[in-house]
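What follows is a short report on a single structure.
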Amino acid sequence: MSQDNGIEKERKVNIREEKDFLGPNERIDDLQIQGFKIIQNPDKFCFGMDAVLLSDYAGIKKDGRVMDLCSGTGIVPILLEAKYEASYIEGLEYQEDCVDMARRSVEMNGLSDKIHMTAGDVREVRAQYPAGSFDYVTCNPPYMTGSHGQTNKNYGKAIARHEILCSLEDVVQAARWLLKESGHLIMVHRPFRLAEIFYCLKENKLEPKRMRLVYPYIDKEPNMVLIEAVKGGRQRITVESPLIIYKKDGSYMDEIYGIYGGRV
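Just add 406 to wherever you are in the sequence shown, counting from 1, and you've got our numbering.
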């Protein structure tokens with residue numbers, strides 16, 4: 407991921423060597439955008455394309471305040487900082503070891519004044535934040551309920567994939583509390599749960615306004631959906647053109663190259 411999208415970033419230069427930020431079994435991956443990098447541990451849940459697509463879809467306006475729920479090791483906050491001119495970005499994550507890793511990535515990139523990673527429970531945001539604190543909430547939540555697929559034996563990966571500590575309803579209710587009136591929730595999820603997603607959003611006064619289905623190949627079923635909802639918004643949704651990931655030969659479609667900044 408490269409290019410600066412016309413945004414010049416000011417950040418403190420770190421004099422520590424990158425290796426000094428690493429813990430056991432960790433590695434540093436180059437995000438190829440704004441020179442940013444991220445610390446990951448293959449034994450934990452490493453980020454995937456869904457986080458990249460979510461950050462691109464978010465469309466954060468200048469000076470917006472952003473909360474990223476289920477933030478993991480901080481990939482979405484870092485990509486949002488690379489792409490947009492938000493005034494404040496915070497990531498909320500339950501697993502303290504992931505928060506620690508994310509904080510080290512933030513510091514390594516010189517972004518400690520711009521991104522804040524917090525250890526906390528999505529289900530307890532009412533006790534942690536005043537209502538209406540944010541203009542945007544982003545989330546790449548666990549996709550699977552207990553009845554969907556086999557739960558990973560690695561607890562960290564299981565939490566990221568299955569609704570063990572955080573359900574769809576928990577995320578939507580947290581977003582409703584955190585968002586200002588007319589604030590935006592942007593989420594990536596799985597299409598097989600669309601009916602449930604729409605019902606849950608509308609029950610919580612978050613009106614779906616944009617949706618884009620993501621297809622691995624043009625002749626396959628979609629495996630991701632990008633959704634934007636507005637708190638207190640009027641009833642009208644725009645279903646955008648499909649996003650296709652791969653050409654028949656397995657190479658990326660041009661739009662995907664563009665989202666990644668021309669280099670993947």
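Yeah, the Cβ is synthetic: ideal placement off N, Cα and C, and Gly gets one too.
Roughly how many angstroms separate the alpha carbons of residue i and residue j, rounded to a whole number?
i, j, result
"Gly441", "Pro430", "24 Å"
"Leu437", "Tyr666", "9 Å"
"Gly638", "Tyr490", "24 Å"
"Glu502", "Gly656", "37 Å"
"Arg669", "Ser461", "Only weak support exists for where Arg669 lies, its pLDDT of 45 falling under 50; the value from the coordinates is given anyway. Rounded to the nearest angstrom, the two C-alpha atoms are 17 Å apart."
"Val531", "Asp469", "22 Å"
"Glu575", "Glu423", "42 Å"
"Met593", "Ile484", "16 Å"
"Gly589", "Trp583", "11 Å"
"Phe453", "Cys504", "12 Å"
"Gly526", "Pro536", "15 Å"
Could you check which residue in the options has the C-alpha nearest to that of residue i?
i, options, result
"Phe540", "Gly497, Arg529, Met507 and Asn546", "Gly497"
"Ser493", "Glu502, Arg509, Ile481 and Ile466", "Ile466"
"Arg433", "Leu459, Arg510, Leu475 and Asp462", "Arg510"
"Asp449", "Phe427, Ala464 and Met507", "Met507"
"Asp474", "Pro648, Tyr542 and Leu459", "Tyr542"
"Asp519", "Glu487, Glu499 and Pro548", "Glu487"
"Tyr463", "Phe427, Val512 and Cys545", "Cys545"
"Tyr549", "Val645, Ile643, His595 and Glu513", "His595"
"Gly516", "Gly664, Thr524, Phe427 and Lys626", "Phe427"
"Val482", "Glu602, Met659 and Ile521", "Ile521"
"Pro547", "Ile633, Glu513 and Val512", "Ile633"
"Glu627", "Ile603, Glu646, Arg642 and Pro597", "Pro597"
State yes or no: is the C-beta of residue i within less than 8 Å of the C-beta of residue j?
i, j, result
"Val631", "Met617", "yes"
"Asn610", "Val620", "no"
"Arg640", "Cys572", "no"
"Ile495", "Val472", "yes"
"Ala581", "Leu612", "yes"
"Val578", "Leu607", "yes"
"Thr480", "Phe451", "According to the sequence as given, residue 480 is Gly; it is not Thr. Against a cut-off of 8 Å, the Cβ pair of Phe451 and Gly480 comes out as no contact."
"Gly538", "Leu591", "no"
Compute the beta-carbon to beta-carbon distance between residue i and residue j, rounded to the nearest angstrom, for a pair I have assumed lies under 8 Å.
i, j, result
"Ile662", "Ile624", "No, Ile662 and Ile624 are not in contact; Cβ-Cβ is about 13 Å, not under 8 Å."
"Tyr652", "Pro614", "Tyr652 to Pro614, Cβ: 27 Å. No contact."
"Asp435", "Gln446", "6 Å"
"Met523", "Glu499", "7 Å"
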